[in-house]
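Visitor: In the numbering used here, the protein residues as written are 20 to 544. Glycine included, each C-beta is placed from N, C-alpha and C at the ideal position. Please find one structure pasted underneath; my questions will follow.
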């Protein structure tokens, strides 16, 4: 009997310990509260650039504005020219490849495919002027575009297909006198429109984020914290914190939720335990593309159709292109649930010249590494963009076609609509062979979802993952999840635990009844 009582005491103390451990804790003012308070303190410029004589003159060239900037900011151009925003590449270590340079000049995507040979068009989203195919413009500091990041007048704009030069209508003097810290409008003009239109690429970065509501994004909400991009993506020597894994490969210099919210932001310990394997975004971004649709599928194989010898387009009811002669067919999605993967912050990429032998399955344009067994991996939400793009079945390489040119006859697909010619010219531009044959293969590209954080009341509910009927994490089957998965051993152990608990209750109750009866009998004597 003493042994049974001892076991029951141990069992009872264990249960009490678990309850105390899981009990919500009273915590002091959180870092989040302090951050909200700090966010109301708006930046006050230390100088008024409209007072500077050097900026009041009429500028005939954008480079002259940069010269004026450098005359005061004498070392800043060196920082910019050492940044990945300027060079469009960075030195990275990739497992299996070693230390290499990866960037827009050698990494392909499954949207507009690649920059090489198409610089005049792509340079609209470069922080420089006069981009040339040989990149000689990158060595001239006066080609730095200070205004595209620092214009606060919201009147500055790059010209279409002008190698990164500003639109001729821009009043350079007025803009130069209106510079300040980068605003959402500065970052968004490129990052919201990547891939040739609003919300084409990311899914969580689009024009609604210029002035979002709290329902769209709690951090950038105009009526809330009203944070700018640079509040999280802080800069040191013009190197911004944060990675875009269409190009990045290493787990360094990432911008994270934890840098503000810490690794234990919840009052309930059981929720904080989740953060060991689950990224904050997984629960706090239940949907993306909340306001405007994002492109989910791009089929280049249908491009080139003409009506009466002329290119044409078709749109859906919301104005999204469903077909363009120059680009092919598209599918879009709105209010989408993310897909989920394990991710440890490292990645590999398809680089120009890589060969693809197995075309029976989609080629991963960027492979985000991670697994349950990897201690550095967490579950993150992602958008996976699927496409069909040109491929050389003889050399087994993806094709970088020549897409843009000013005039017909240069081999550019967007002018001549000839895949064979565009492929030949494009591959020659990048110094790679082309067999003369082309086909199209399926590809996939993975984009982590980090923005459009929902109000906490709209976070993913436990039952959305912990269920065996349509779990959000149904695709991650390399670990056991309670309620989603069933294990004969664990199920049996659970039943046994319940049985032992009931037996313990019965024995405890019996002892109480027996003891009470004995006391009454003793009292009667």
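Around the C-beta of residue 227, are 16 or more other C-beta atoms found within 10 angstroms, so that it is buried, or is it exposed?
Guide: Answer is buried; the Cβ neighbour count reaches 16.
Visitor: Alpha carbon to alpha carbon, how far is residue 367 from residue 388?
Guide: Their backbone Cα atoms lie some 8 Å apart in a straight line.
Visitor: Can the beta-carbon of residue 16 be found closer than 8 Å to that of residue 255?
Guide: An answer regarding residue 16 cannot be provided, because it is not within the stretch 20 to 544 covered by the chain.
Visitor: By the three-class DSSP mapping on this structure, what secondary structure does residue 533 have?
Guide: Looking at residue 533 - three-state DSSP - the assignment turns out to be helix.
Visitor: Any chance the region 456-471 sits against the region 404-418, with 3 or more Cβ pairs inside 8 Å?
Guide: Yes, since at least three Cβ pairs between the region 456-471 and the region 404-418 fall closer than 8 Å, the two stretches touch.
Visitor: What number of angstroms, rounded off, separates the C-alpha of residue 288 from the C-alpha of residue 282?
Guide: Rounded to whole angstroms, residue 288 to residue 282 spans 11 Å at the Cα level.
Visitor: How would you write the range of the beta strand (DSSP E) that residue 362 sits in, first residue to last?
Guide: Where residue 362 is concerned, the enclosing beta strand (DSSP E) stretches over 358-362.
Visitor: How many angstroms separate the CA atom of residue 415 from the CA atom of residue 376?
Guide: So the alpha carbons of these two residues sit roughly 6 Å apart.
Visitor: Given a cut-off of 8 Å on the beta-carbon distance, is the pair residue 205 and residue 170 in contact?
Guide: Yes. Within cutoff.
Visitor: By Cβ distance below 6 Å, which residues in the same chain neighbour residue 46 in space, the five residues on each side in sequence not counted?
Guide: Reliability fails at residue 46, whose pLDDT of 45 lies under 50, so the model's placement of it is uncertain and the value that follows must be treated cautiously. Cβ neighbours of residue 46 beyond the five flanking positions: 286.
Visitor: Excluding the 5 residues flanking residue 268 on each side, which residues of the same chain have their C-beta closer than 8 Å to its C-beta?
Guide: These residues qualify, in order along the chain: 111, 112, 113, 121, 365, 366, 367 and 368.
Visitor: Would a C-beta distance cut-off of 8 Å place residue 188 and residue 100 closer than the cut-off?
Guide: Cβ atoms of residue 188 and residue 100: not closer than 8 Å.
Visitor: Need the endpoints of the alpha helix (DSSP H) that residue 463 sits in, please.
Guide: From DSSP, residue 463 is part of no alpha helix (DSSP H) but of the beta strand (DSSP E) over 458-467.
Visitor: For residue 503, name the three-state secondary structure that DSSP assigns.
Guide: Of the three classes helix, strand and coil, the one that applies to residue 503 here is coil, per DSSP.
Visitor: Distance check for residue 506 and residue 494, CA to CA, integer angstroms please.
Guide: Answer to the nearest angstrom: the Cα atoms are 18 Å apart.
Visitor: Determine the burial state of residue 357: buried for a count of at least 16 other Cβ atoms within 10 Å of its Cβ, exposed for fewer.
Guide: Result: buried.
Visitor: Smallest Cα separation from residue 394: which of 272, 264 and 296?
Guide: Here the closest residue by C-alpha is 296.
Visitor: What separation, rounded to the nearest whole angstrom, lies between the Cα atoms of residue 202 and residue 418?
Guide: Distance between the alpha carbons of residue 202 and residue 418: 37 Å.
Visitor: In its own chain, which residues sit with a C-beta less than 7 Å from the C-beta of residue 472, not counting the 5 before and 5 after it?
Guide: Cβ neighbours of residue 472 beyond the five flanking positions: 236, 237, 238, 303 and 304.
Visitor: Any chance the region 138-153 sits against the region 172-190, with 3 or more Cβ pairs inside 8 Å?
Guide: Output reads yes: the region 172-190 touches the region 138-153.
Visitor: Using 10 angstroms around the beta-carbon of residue 533, count the other beta-carbons present and answer buried if the total reaches 16, otherwise exposed.
Guide: Exposed, by the Cβ-count rule.
Visitor: Is it true that the CB of residue 445 sits closer than 8 Å to the CB of residue 597?
Guide: With the chain covering 20 to 544 only, the question about residue 597 has no answer from this structure.
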